[in-house]
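To keep things clear, I will list the structure first and then write my remarks on it.
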Amino acid sequence: MKNNVAESRWFQWGRSALADGSFEHILGNAGHTIAHLMIDLQHVARPEIATPTWIRAYSSPFSTPAQSRGVIAFPRQVLEGPQGPPPGPPPPEAVAALKALPAMLAVGMRDTALLPEYVIPAFKLSYPDAPVVEIPDAGHFPTEDAPQTLLALLDLFLQTTPD
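Position one of the sequence shown corresponds to residue 2 (our numbering), numbered consecutively onward.
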């Protein structure tokens, strides 16, 4: 996934913002910036859905810099590596239990943050027999770009997955 970080518009922006010192300021004010970042850098295929209600729904959890800590920490860890000592490897039985669970990947093929050409092979490493559904006109947020398609896929997955 290192190539994803190098080629992704989202992570290119993050690297640039870290270099010029604007990273924490922009993401620390996610309540004001998150919708723009989503549309511009992570690709929302249907920007017309960005109504005032939609913007409030995504921005209201981040009304203060303290509430934006996760928005800051995740991309920073991807770009700079974990802060503090790295965690040890997960217990093999936990990995085996996760790999034994049913899985499906529904991926927006216009995603400019987590690029499908890297996400799909990474998913297939852990779940080689699991279905991968490519949603051609969806970006990073298939729930927004192709909600009916995603709901139908989830319904099919739930109906065909053993208890």
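Beta carbons are placed, not taken as given, at the ideal position from N, Cα and C, and that holds for glycine.
Close-in-space but distant-in-sequence residues of the same chain around residue i (CB under 7 angstroms, 5 per side omitted)
i, result
"Met2", "Tyr119 and Ala123"
"Asn4", "Tyr119"
"Thr65", "none"
"Ala18", "Phe24 and Ile27"
As assigned by DSSP and simplified to three states, the class of residue i
i, result
"Ala153", "helix"
"Val134", "strand"
"Val72", "helix"
"Ala95", "helix"
"Leu106", "strand"
"Arg16", "helix"
"Gln78", "helix"
"Asp112", "coil"
"Asp164", "coil"
Cβ shell of residue i (< 6 angstroms), same chain only, five flanking positions each side left out
i, result
"Thr162", "Pro103"
"Phe158", "Met105"
"Leu154", "Ala107 and Val134"
Same chain, Cβ closer than 8 angstroms to residue i, five either side skipped, listed in chain order
i, result
"Gly89", "none"
"Ser9", "Thr113, Ala114, Leu115 and Leu116"
"Pro143", "Ala107, Val108, Gly109, Ile136, Thr150 and Leu151"
Among the options, the one whose alpha carbon lies nearest that of residue i
i, options, result
"Ser127", "Gly22, Val96, Asp164 and Asp112", "Val96"
"Gln149", "Ala131, Trp55 and Ala107", "Ala107"
"Ala147", "Arg57, Ala20 and Gly109", "Gly109"
"Pro53", "Ser64, Phe158, Ile73 and Ala36", "Ala36"
"Arg77", "Trp11, Gln68, Pro93 and Met105", "Trp11"
"Ala101", "Glu8, Ile27 and Asp164", "Asp164"
"Ala58", "Leu155, Ala153 and Glu145", "Glu145"
"Gln84", "Pro91, Pro93 and Ala74", "Ala74"
Heavy atom of the ligand FAD within 8 angstroms of residue i beta-carbon
i, result
"Ile27", "As presented, the structure is devoid of all ligands, the ligand FAD included, so that no description of it is given."
C-beta neighbour in chain B for residue i, strict 9 angstroms
i, result
"Lys100", "The chain labelled as chain B is not found in the depicted structure, where only one protein chain is given."
Can you find at least 3 beta carbon pairs, one from the segment 138-146 and one from the segment 41-57, that sit closer than 8 angstroms? yes
For the segment 128-135 and the segment 30-40, state whether three or more C-beta atom pairs, one from each stretch, are separated by less than 8 angstroms. no
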